[in-house]
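S.K.: Before I ask anything, here is the structure I am working with.
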Amino acid sequence: MPLFGLTPILLTLGLATAGEPVEDALAALVAGDYAEATRLHVAAVNAGEVSGDVYYNLGVSLYREDAIPEAILAWRRAAVLAPRDGDILLNLDHARRRTQDRVEAPALDSWMFWRSSFSFSEQGWAAALCLSALGALGALWRLRPDAPVGIPALLIGVPAVAFCVSTAAELQALGDRPDAVVLVTEIPVRSEGAGGVVLFTLHAGAEVNVRERVGAQALIALPDDRVGWVPFDTLGLVDPRLPFPSPPAKPAG
Amino acid sequence: MVSASLLFAASSALYAAQLVLDADTERLQVGQTIGLRLTVIDAALPGAPSWPSVAGAKIAYQGVQQSAVRISGKTSRTATYTYALTALKEGTINIPAMELSVGSEALRTEPLTLKVSPRDTGPSGAKAEASLRASGEPVQSAYVGQVLVYTMTFRTPEQVLDRRFTPPTFDGLVAEQTRDGELREHRTAIDGEDWSVVQVDLPLVAAAPGERTITPGVMAVQVPELGRTGRGPARAFANVRNEVYSSESLQLTVRPLPAEGRQDDFSGLVGEFALNARLLDDTVATGDSVTLEITLSGDGTLAGFSLPPVAADVGFRAYDDTPTVEARVRDGRFTSAAAFRRAIVPERPGTLTLPPVELQVFNPRTGRYELLQTEPLTLNVTAGEGEATLSTFSQGANDQRRDVEAQADDIAPLHPRAQADRALFSPKDPLVLGLVGVPWLGFFGLLARELAQRVKPKVDPRRLLSQRLQRAEKAELGELIDLFREALGLALGKPAPALDQDALSALPTTHRDEAQRLYADLEAARYGGGADSGLRERTLRLCRALLELG
């Protein structure tokens, strides 16, 4: 659980809720009905009922169903929303060992060191609160010019700028160059869209970064900067705001 | 590397003078040259010892290095003599024990055996090789609890500027607790050509039975870019090239320990061990203590091991000190040694025979359980002051508990308090816009109001004068003079206070005479006695006429 999660505050404000689909999905997961738990979790997520915990539990039910790439995708999305949750990282490590391609995810190398500790949502709300407080201080300053607002404005202004910049970077990364997980068993990565030569082959669960999308093709990159084209529908994007792709049907029997 | 082995040797030497012989590696190829070091601890030699002829090898002296190591408050001085050993033929190089006399003391090294393999006939380029070893030998099967050493050797004819090792996934193996892995790097000569060698040794313990696959280890190295070394100062900016090498994956069969022959008090130790015990004194007074030193050494892990407790009512009490465990890993060979110090307090005078310490261990080499046993030791106990007050007591039954064994590995459990978070941040969220926008709207609103208050309205003077004329039907003399001067000023384009009678000559002829007359009359009225209704009408009329001049 996040140490400084906003959920309790947001619950108080009525902005978070334990909806029925999530409760039903959790009940199915506890009862061991993983197919039903997956179906309900996906329905909840696609209805906008998302959080780090919901994606985490979706990953657990998918893992139990042996849908490893989908489980990795769910836990990657969970990590975006709850980056301080050690269970997510532990399970991701567990699931990655069951994939075929050794693709080491690069560490987030940024001077904005707090990005790895706060979710984009937490950073965004922090930026909004800081900007709001800064505006209120400005209004107070105009109403009462003698009020000592200089130091508080500085103390709020610096984190406001920092969180604004990092939120913009997070949203840009999620929207323009998102990470993705290969969801099909095997996919040849080609040098030119659907044509060209096969540069290398990726397997289910491999984690890549989507650089561009042109029509039905996506230009992907590996951490070692090798790039190539794959069909876009073979990927699941690590953006928790997007609908979750339908997991593969489990063979009868 | 040298200091680590030196520390190991010095700490186990109990501060006595000692000779230690050490080599870069114990496996080499024909034509390969490695470093051979003879370290003298706490003793001085008159010069570099010369080696006798060693079959299959050529040994040449290279130099000496002296240093001091401080261990447990005592300083040990060391002198390390370095030799270059070149393998001449395939097989085994047996370096015999060297014996040197230092003063009245005779020092002796342990013999050293090096294995020489034929020259690698494959490509002459860089290569990474991995193996799992037990007691220095490659193995493909092991028993649960056995210590294996994952060894990866990387050789390249180029100079290695930087290297990074990524270990494989050790399925069914866990890291040995008392010794970290070791990464060593050295240069060696093969047929006169310099090679860089990076060797990694990771001690591991087989944890669970089954067929295990060890994924390839990866060695990322940075080497100089050939052909672009530049000249002079440009050499400092020579390019480098990153290369990645991986070893092959390894298969391992981990077998469970057999049930046959296992006693209830099986120690849990797996490996080849030796057990020794000695008393530091053979005579002690009743109630006083004497130290029993027990050493256990072998090629298995000793992490967490403790001696079996002494049974009650055996004529003495025993108090165990915290044992010291030291381990080392080199060339796929793991060795560890534990020293236990047990204080023995006899309870009655006479001859006390200490019962032997017994340990059942499993020897993976023979695949059988073995019983290690120390020799019985005899202690002469004299009468002492504590005799009358001593009494035997029992610590109760032996602790029968065992550690909880892990049966499987799994992902972390589900989160039972999952809640949907409806407050995912979006910059276009009305709540965000309101939260940020309202305070800033207030700020800018207040700012705008202040600015508006500071700006003076710009008024047309003609319009202002016209308005004043409309309200001047009952104007007094002062107001009439003021209106007259303002109207003149507007007509002449000059400020009203600067006007005098001469300035009126610039008026058009149609108004000039009337203006001069009115000026005089107003001046007269000002100093004579006020304005009459005729003067007011004339003034207002002329003012309106002047205003119409534009």
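First to last, the protein sequences are chains A and B.
Everything in the first sequence is counted per the working numbering, starting at 1 for the first residue and increasing by one.
Everything in the second sequence is counted per the working numbering, starting at 1001 for the first residue and increasing by one.
The C-beta atom is built at its ideal place from N, Cα and C for all residues, glycine as well.
1) With 7 Å set as the bound, which would you pick, yes or no: does the beta-carbon of Phe244/A sit closer than that to a beta-carbon of chain B?
2) At 4 residues or longer, and completely inside the region 42–74 of chain A: list those alpha helix (DSSP H) runs for me, N to C.
3) For the region 158–167 of chain A and the region 184–201 of chain A, state whether three or more C-beta atom pairs, one from each stretch, are separated by less than 8 Å.
4) For my contact list, Ala128/A and Val1221/B are in at a C-beta cut-off of 8 Å; report their separation, rounded to the angstrom.
5) Determine whether the beta carbon atoms of Leu1021/B and Thr1080/B lie at a separation below 7 Å.
6) Would you identify the three-state DSSP class for Pro152/A, choosing helix, strand or coil?
7) Rounding to the nearest angstrom, what Cα-Cα distance links Arg1463/B and Leu1451/B in this structure?
8) Kindly indicate the opening and closing residues of the beta strand (DSSP E) around Trp1195/B.
9) Run through DSSP, which three-state label would Asn1239/B get?
10) I want to verify the contact list: residues of chain A whose CB lies under 8 Å from the CB of Ala1189/B, in sequence order.
11) Which whole-angstrom value is the C-beta distance of Ala204/A and Ile68/A, which I expect to be below 8 Å?
12) For Thr1335/B, is the classification buried or exposed, using 16 other Cβ atoms within 10 angstroms of its Cβ as the cut-off for buried?
13) Tell me which residues share the same chain as Ala79/A and place their Cβ nearer than 8 Å to its Cβ, disregarding the 5 neighbours each side in the sequence.
14) Taking the C-alpha atoms as reference points, what is the distance between Arg226/A and Met1219/B?
15) Quick one: list the residues of chain A neighbouring Leu1447/B, beta-carbon separation under 7 Å, in chain order.
16) Figure out for me which residue from Arg115/A, Trp75/A, Ala44/A has the closest Cα to the Cα of Val238/A.
17) Would you say Ala75/A lies against chain B (beta-carbon separation less than 7 Å)?
18) Does the Cβ of Phe113/A have 16 or more other Cβ atoms within 10 Å, making it buried, or fewer, making it exposed?
19) Mind checking if Val1223/B is an interface residue toward chain A, Cβ cutoff 7 Å exclusive?
20) According to the neighbour-count rule (16 or more other Cβ atoms, all chains shown, within 10 Å of its Cβ), is Leu154/A buried or exposed?
21) From what residue to what residue does the alpha helix (DSSP H) around Pro1461/B run?
22) List, in order along the chain, the chain A residues whose C-beta lies closer than 8 Å to that of Glu1450/B?
23) Quick one: does Ile1411/B have its CB under 7 Å from some CB of chain A?
24) Quick one: Cα of Val1054/B to Cα of Glu1090/B, how far?
25) Using a threshold of 7 Å, state whether the C-beta atoms of Ile1294/B and Phe1316/B are closer than that.
26) Consider the Cβ of Leu1547/B: report whether some Cβ of chain A lies at a distance smaller than 7 Å.
27) Taking Gly1315/B as the query, report the chain A residues whose CB atoms sit under 8 Å from its CB, ordered along the chain.
28) Can you tell me where the alpha helix (DSSP H) with Ala1482/B in it begins and where it stops?
29) What does Val60/A reach in chain B if we use C-beta pairs closer than 9 Å?
30) Quick check on the DSSP output: the alpha helix (DSSP H) that includes Ala1452/B runs from which residue to which?
31) So, does the region 1099–1117 of chain B touch the region 1032–1047 of chain B, judging by three or more C-beta pairs under 8 Å?
32) Take the Cβ of Glu1272/B as the centre, count every other Cβ of all protein chains shown within 10 Å, and call the residue buried at 16 or more, exposed below.
33) How about Ala95/A and Ile72/A: do their beta carbons lie closer than 7 Å?
34) To the nearest angstrom, report how far apart Met1152/B and Asp1403/B are at their CA atoms.
35) Measure the C-alpha to C-alpha separation of Ala1496/B and Asp1482/B and round it to an integer number of angstroms.
36) Can you name the residues of chain A whose CB is closer than 8 Å to the CB of Val1436/B?
M.R.: Taking the geometry as given:
1) no
2) 52–64
3) no
4) Not confirmed; about 48 Å, so no contact.
5) no
6) helix
7) 26 Å
8) 1193–1206
9) coil
10) Chain A residues near Ala1189/B: none, gap ~34 Å exceeds 8 Å.
11) 7 Å
12) buried
13) Gly52, Asp85, Ile88, Leu89, Leu92
14) 19 Å
15) Arg142
16) Trp75/A
17) One point to set straight first is that residue 75/A is Trp, not Ala, in the sequence displayed. False, the Cβ-Cβ gap to chain B never drops below 7 Å.
18) exposed
19) no
20) exposed
21) 1461–1470
22) Arg142
23) yes
24) 14 Å
25) no
26) no
27) None at all; the shortest Cβ gap to chain A is about 54 Å.
28) It is worth fixing the name first, because residue 1482/B is Asp in this sequence and not Ala. Its alpha helix (DSSP H) spans residues 1477–1492.
29) Ile1411, Ala1412, Pro1413, Leu1414, His1415
30) 1430–1454
31) yes
32) buried
33) yes
34) 33 Å
35) 9 Å
36) Ala128, Leu131, Ser132, Gly135
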